[in-house]
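A.B. asks:
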Amino acid sequence: MMKPQNHQTPQDFWEDLYKRSSADTKGNPSAALARFAVDRHPGTALDLGCARGDDAVWLAKRGWKVIAVDISETVLSYARTNANSQQVGDRIELQRHDLAVSFPENRYDLVSAMFLQAPFDFPRERVLKHAALCLNSGGLFIAATHGSRPSWSWDKSTAPFPNPHQCLKTLGLNMSGWKEIFVGNEDRIATGPEGQKGTVTDTIVCLERR
Ligand SMILES: C[S@@+](CC[C@H](N)C(=O)[O-])C[C@H]1O[C@@H](n2cnc3c(N)ncnc32)[C@H](O)[C@@H]1O
1 MMKPQNHQTP
11 QDFWEDLYKR
21 SSADTKGNPS
31 AALARFAVDR
41 HPGTALDLGC
51 ARGDDAVWLA
61 KRGWKVIAVD
71 ISETVLSYAR
81 TNANSQQVGD
91 RIELQRHDLA
101 VSFPENRYDL
111 VSAMFLQAPF
121 DFPRERVLKH
131 AALCLNSGGL
141 FIAATHGSRP
151 SWSWDKSTAP
161 FPNPHQCLKT
171 LGLNMSGWKE
181 IFVGNEDRIA
191 TGPEGQKGTV
201 TDTIVCLERR
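The letter at position 208 of the sequence shown is residue 208 when you use full-length UniProt numbering, and the numbering goes up by one with no holes.
(1) Between the stretch 162 to 173 and the stretch 105 to 118, do at least 3 Cβ pairs fall closer than 8 Å?
(2) In whole angstroms, what separates the C-alpha of K179 from that of R40?
(3) Which residue wins for smallest C-alpha separation from K19, given the options P29, A51 and S30?
(4) Write down every uninterrupted run of the beta strand (DSSP E) in the UniProt domain "Methyltransferase" (46 to 139) whose length is 3 residues or greater and which is fully enclosed by it, in chain order.
(5) Give me the Cα-Cα distance between K61 and A31, rounded to the nearest whole angstrom.
(6) Below 7 Å CB to CB, which residues in the same chain sit around F182 once its five sequence neighbours on both sides are set aside?
(7) Starting from K197, follow the alpha helix (DSSP H) in both directions and report where the run begins and ends.
(8) Going by DSSP, what residue range makes up the alpha helix (DSSP H) through R35?
(9) Please name the residue in T25, V101, D55 and H130 whose C-alpha comes closest to that of L173.
(10) Please state if the CB of P29 and the CB of V69 are separated by a distance shorter than 9 Å.
(11) Does ligand 1 have even one heavy atom less than 8 Å from the beta-carbon of L94?
(12) Quick one: complete alpha helix (DSSP H) runs, 4+ long, within the stretch 139 to 170?
(13) V75 and D47 - do their beta-carbons sit closer together than 9 Å?
If you want it as structure tokens, here you go:
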């Protein structure tokens, strides 16, 4: 992720980033989503910060009806092309929201927030809690955040990352209404912007609503 300029709004930042990057998709879902959603019976899913739509396409191919949200019109146009080229355009509804301001109100059977992170003040915990409370009973909540800084990150801070249970706590959920499926760290090999490979840590919170 690039460092924002002082004058940029969140939307300008993401538009600028995506206009300067390619529409090419990874073609693979996020590791955490694939791991925890693979055996789930399909219903209605919400993907927050969908970017080029790889996760939405993966879900749609598995029978889910997906509402996929991003702040950037540019990346939503990439996601539309991706969904259509994968023959699942009719199963994915793309919506532009600045989630700090508006939200796709609905009931869901799965909420996925893969690296919904921003180099701005962003009320991530409020947004995630709201999304979690839109789940039907039995619905799955999966959020992943970065738990390490890859060598190619602009962020050279050495501040520690919150541990997975601290991340869960910040959501402010009443845990009597939730079953912990997995709250922990997972390492994986990732590819940086210049094609460089490195191990990164994902901090994952996966819960099922009772
Ligand atoms: C780090 S990227 C992660 C993208 C994708 N989920 C993935 O795992 O590769 C964060 C995404 O969240 C989106 N985003 C950031 N702030 C947002 C906001 N306020 N409202 C909606 N989407 C936002 C960005 O445009 C970007 O596509």
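Virtual Cβ for every residue (Gly too), placed ideally from N, Cα, C.
C.D. replies: Short version:
(1) no
(2) 15 Å
(3) A51
(4) 65 to 70, 92 to 96 and 108 to 114
(5) 16 Å
(6) F36, I204 and C206
(7) Looking at the DSSP string, K197 is not in any alpha helix (DSSP H); the run it does join, the beta strand (DSSP E), is K197 to R209.
(8) A31 to A37
(9) H130
(10) no
(11) no
(12) 164 to 170
(13) no
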